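Chemist: Under our numbering, residues 261 to 612 are what the sequence shown spells out, in order. Ideal Cβ placement from N, Cα and C applies to all residues, glycine included. Only a predicted model underlies this, so the values are computations on that prediction, with no experimental measurement involved.
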Amino acid sequence: TRGTTSAPAALLIPTFSYLAYANSFDDTTPGLLSTYDHHTDGSGGVYSSRLRPILNMRPNVIAENPWEPWQFVADMHLVDWLTVKGFPFDVITDHDLHFEGQGLLDRYKVVLTGTHPEYYSTQMLDAVQGYLGAGGRLMYMGGNGFYWVTTLDASGNSIEIRRWAGTRYWEAMPGEYHHSTTGEIGGLWRNRGRAPQKLVGVGFTAQGFDGNAPYRRAPDSFETRVAFIFEGIGEDELIGNFPSLVQKFGAAGSELDRLDFALGTPAHALLLATASGEFTDAYQHVIEEVQTSNAGPWDELVKADMVYFEYPNGGAVWTSASITWCSSLSYDAYDNNVSLITENVLREFLTR
């Protein structure tokens with residue numbers, strides 16, 4: 261019920277991102293374009309409404325593309341894990357957050373994101389920033405989050421995006437960079453001074469859709485500040501070095517985030533683990549950072565960085581930095597190091 265809670269943790273379901281991908285790349289539903297598709301004149305889709313049928317938002321749908329489980333379907337991996345582990349949680353949505361703001365989050369000790377919270381409005385970013393500054397704890401459970409400027413129409417039914425200067429499927433025409441719903445300029449949040457690194461310590465750095473890789477612990481992971489995260493994890497243990505439900509093997513993959521102090525990662529943030537050097541040529545560094553021809557996993561910025569840092573007043577952030585992290589939670593009947601690290605973080609954040 262609005263204004264109440266039934267649990268100390270909340271799962272923030274990325275409904276803005278669900279709308280952005282609604283019916284994406286689906287040639288069987290003419291007229292139900294996503295924001296990843298094109299109109300017949302070649303222009304990109306800038307609007308998506310929840311009032312239309314959304315055929316790729318059912319629990320058992322496996323999209324017929326290289327991404328396999330994606331968005332809603334992939335988020336069910338996290339719902340399953342929370343349920344099996346016995347963690348009570350409320351479900352809140354991007355739409356709730358957009359309209360209710362920080363007050364919605366302040367009721368919870370811990371907020372967990374979905375696997376791909378890519379589309380954010382000004383109101384949502386302000387709410388998450390305020391929540392963390394007031395002592396809230398956030399578990400960023402995915403990758404390529406907090407990326408595209410997104411607006412919602414007054415009815416709350418339709419999102420709007422304008423793609424330019426980012427990793428994108430189409431380019432807005434000159435003069436069409438501003439949103440019709442609010443008048444604000446679209447594109448990437450980093451181009452408006454709000455890079456994801458400033459909020460959660462990491463931001464989009466690479467993508468590839470043919471396989472994943474494990475993480476290796478970094479020196480910061482042995483600091484006493486984060487001993488709770490790695491309780492039960494060996495010093496040389498590879499993290500997520502086993503089969504997954506997305507892209508078959510490994511906990512880091514699909515879309516990856518990295519730490520970057522130049523883009524705003526707080527100076528006191530700790531780099532806990534990194535997945536790098538084992539991705540294929542299919543993994544590419546994001547377009548917005550490529551000034552000349554560039555390709556392949558040899559690029560040192562093709563990686564996923566697990567990060568932890570504190571906010572004032574007891575606030576904290578832990579990041580998985582990979583869309584496919586949650587696809588590894590259930591391996592070996594939930595008895596694996598991806599599951600254990602996630603449980604260690606959640607239990608600590610709940611008891612602080």
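1. Hey, quick one: how far does the alpha helix (DSSP H) through L311 stretch, first residue to last?
2. Taking all protein chains shown into account, decide if F490 is buried (16 or more other Cβ within 10 angstroms of its Cβ) or exposed.
3. Could you tell me the distance, in whole angstroms, from the CA atom of P326 to the CA atom of A542?
4. Report the rounded CA-to-CA distance for S418 versus G426, giving the unit in angstroms.
5. If you follow the alpha helix (DSSP H) that K458 is part of, which residue opens it and which one closes it?
6. Which residues bound the alpha helix (DSSP H) around Y400?
7. Put L271 into one of helix, strand or coil per three-state DSSP.
8. Can you tell me whether K369 is helix, strand or coil according to DSSP?
9. Quick one: is H528 buried, meaning 16 or more other Cβ sit within 10 Å of its Cβ, or exposed?
10. Tell me, to the nearest whole angstrom, how far the beta carbon of W341 is from that of S599; I am working on the premise that it is less than 8 Å.
11. By Cβ distance, which residues of its chain are closer than 7 Å to S481, with the 5 residues on each side in sequence left out?
12. On the criterion of 16 or more Cβ atoms from any shown chain inside 10 Å, does T484 qualify as buried, or is it exposed?
13. Helix, strand or coil for L600 per DSSP?
14. Excluding the five sequence neighbours on either side, which residues of its own chain have a C-beta within less than 8 Å of the C-beta of Y278, listed in chain order?
15. Are there 16 or more other CB atoms within 10 angstroms of the CB of D354, so buried, or fewer, so exposed?
16. Do you know whose CA, among E497, N596, K458, L392, lies nearest F521's CA?
17. Can you tell me whether S266 is helix, strand or coil according to DSSP?
18. A280 to Y307, Cα distance in whole Å?
19. At the level of alpha carbons, what is the spacing between G304 and S514?
20. According to DSSP, is L392 helix, strand or coil?
21. Spell out whether any CB of chain C is found under 7 Å from the CB atom of Y380.
22. Are the beta-carbon atoms belonging to W408 and Y379 less than 7 Å from one another?
23. Indicate whether V462 and D386 have their beta-carbon atoms separated by less than 7 Å.
24. Give the C-beta separation of S588 and A511 to the nearest angstrom, bearing in mind that I take them to be a contact with Cβ-Cβ under 8 Å.
25. Rounded to the nearest angstrom, what separates R367 and P268 at their Cα positions?
26. Please state the DSSP three-state secondary structure of Q544.
27. When the distance is taken between beta carbons, is P377 closer than 7 Å to G405?
28. Residue ranges of each beta strand (DSSP E) run of no fewer than 3 residues wholly in the region 488 to 535, ordered along the chain?
29. What residues in its chain sit with their C-beta under 6 Å from that of T264, if we drop five residues either side in the sequence?
30. How long is the line joining the alpha carbons of A455 and Y400, rounded to whole angstroms?
Modeler: Let's see:
1. Numbered from 1 along the sequence shown, position 51 holds the residue referred to as residue 311. Following the DSSP letters along the chain, one finds L311 in no alpha helix (DSSP H), marked with neither H nor E.
2. Residue 490 sits at position 230 when you count from the first residue of the sequence shown. So F490 counts as buried.
3. Taking the sequence shown and counting its residues from 1, the one referred to as residue 326 is at position 66. Taking the sequence shown and counting its residues from 1, the one referred to as residue 542 is at position 282. Low per-residue confidence applies at P326: pLDDT is 49, beneath 50, and the placement is therefore not dependable enough to give any value.
4. One-based indexing of the sequence shown puts residue 418 at position 158. One-based indexing of the sequence shown puts residue 426 at position 166. Looking at the two C-alpha atoms, the distance is approximately 22 Å.
5. Walking along the sequence shown from the start, residue 458 turns up at place 198. Unbroken alpha helix (DSSP H) run through K458: 456 to 460.
6. Translated into positions along the sequence shown, residue 400 becomes position 140. It is not in any alpha helix (DSSP H) - Y400 instead sits in the beta strand (DSSP E) that spans 397 to 400.
7. Taking the first residue of the sequence shown as position 1, residue 271 is located at position 11. DSSP, read as helix, strand or coil, puts L271 in strand.
8. Here residue 369 is taken as the residue at index 109 of the sequence shown, counted from 1. K369: coil per DSSP, three-state reduction.
9. What you label residue 528 is simply residue 268 of the sequence shown in a count that begins at 1. The residue in question, H528, is exposed, as its Cβ has fewer than 16 Cβ neighbours within 10 Å.
10. Against the sequence shown, residue 341 aligns to sequence position 81. Against the sequence shown, residue 599 aligns to sequence position 339. Rounded, the Cβ-Cβ distance is 7 Å, consistent with contact.
11. Against the sequence shown, residue 481 aligns to sequence position 221. Closer than 7 Å at Cβ, skipping near neighbours: F490, L532, A533.
12. On the sequence shown, residue 484 is found 224 positions in, with the first residue counted as 1. When all chains shown are included, T484 counts as exposed.
13. By 1-based counting over the sequence shown, the position of residue 600 is 340. When DSSP states are grouped into helix, strand and coil, L600 belongs to the helix group.
14. The sequence position of residue 278 within the sequence shown is 18, counting from 1. I314, M317, Q331, F332.
15. For the purposes of this step, residue 354 is taken as the residue at position 94 of the sequence shown. It counts as buried.
16. Taking the sequence shown and counting its residues from 1, the one referred to as residue 521 is at position 261. The shortest C-alpha separation from F521 is found at K458.
17. Start at 1 with the first residue of the sequence shown, and residue 266 comes out as number 6. Coil at S266, not helix or strand.
18. Position 20 of the sequence shown, counted from the first residue, corresponds to residue 280. Position 47 of the sequence shown, counted from the first residue, corresponds to residue 307. Whole-angstrom Cα-Cα distance: 8 Å.
19. As a position in the sequence shown, residue 304 is number 44, starting the count at 1. As a position in the sequence shown, residue 514 is number 254, starting the count at 1. Computed Cα separation, rounded: 23 Å.
20. Taking the first residue of the sequence shown as 1, we reach residue 392 at position 132. Here L392 sits in helix by DSSP.
21. This model lacks chain C altogether; it includes just one protein chain.
22. As a working mapping, residue 408 is identified with position 148 in the sequence shown. As a working mapping, residue 379 is identified with position 119 in the sequence shown. Yes. Within cutoff.
23. On the sequence shown, position 202 is the one that residue 462 refers to. On the sequence shown, position 126 is the one that residue 386 refers to. In this structure, V462 lies away from D386, with their beta-carbon atoms at least 7 Å apart.
24. The residue labelled residue 588 in the question sits at position 328 within the sequence shown. The residue labelled residue 511 in the question sits at position 251 within the sequence shown. Confirmed, about 4 Å.
25. Counted from its first residue, the sequence shown places residue 367 at position 107. Counted from its first residue, the sequence shown places residue 268 at position 8. Per the coordinates, the alpha-carbon of R367 lies some 8 Å from the alpha-carbon of P268.
26. Along the sequence shown, read from residue 1 onward, the residue named residue 544 stands at position 284. Reduced to three states, the DSSP call for Q544 is strand.
27. Locating residue 405 in the sequence shown gives position 145, where the first residue counts as 1. Locating residue 377 in the sequence shown gives position 117, where the first residue counts as 1. Going by C-beta atoms, G405 is nearer than 7 Å to P377.
28. 512 to 519
29. Here residue 264 refers to the residue found at position 4 when the sequence shown is read from its first residue. Cβ neighbours of T264 beyond the five flanking positions: none.
30. The count along the sequence shown starts at 1 and reaches residue 455 at position 195. The count along the sequence shown starts at 1 and reaches residue 400 at position 140. Each residue's alpha carbon lies about 15 Å from the other.
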